[in-house]
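Report on the following structure.
Numbering (this note's numbering), first residue to last: 427 to 462.
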């Protein structure tokens, strides 16, 4: 898959950390499957 930011690089299967904010609440989800 091509990189959606630079349009020239490629991505690999990996994991990411997702941080969601809503007013005074912060939810952090670790090891989310992603193409990074």
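Virtual Cβ for every residue (Gly too), placed ideally from N, Cα, C.
task = If I'm right that residue 441 touches residue 429 with Cβ under 8 Å, what's the distance once you round it to whole angstroms?
result = Contact flag wrong, Cβ pair sits at about 17 Å.
ask   = From residue 462 to residue 448, what distance separates their C-alpha atoms?
value = 25 Å
query = Expressed to the nearest angstrom, what Euclidean distance is found between the alpha-carbon atoms of residue 459 and residue 439?
reply = 7 Å
task = Locate the beta strand (DSSP E) running through residue 445, then write down its first and last residues.
result = 439 to 448
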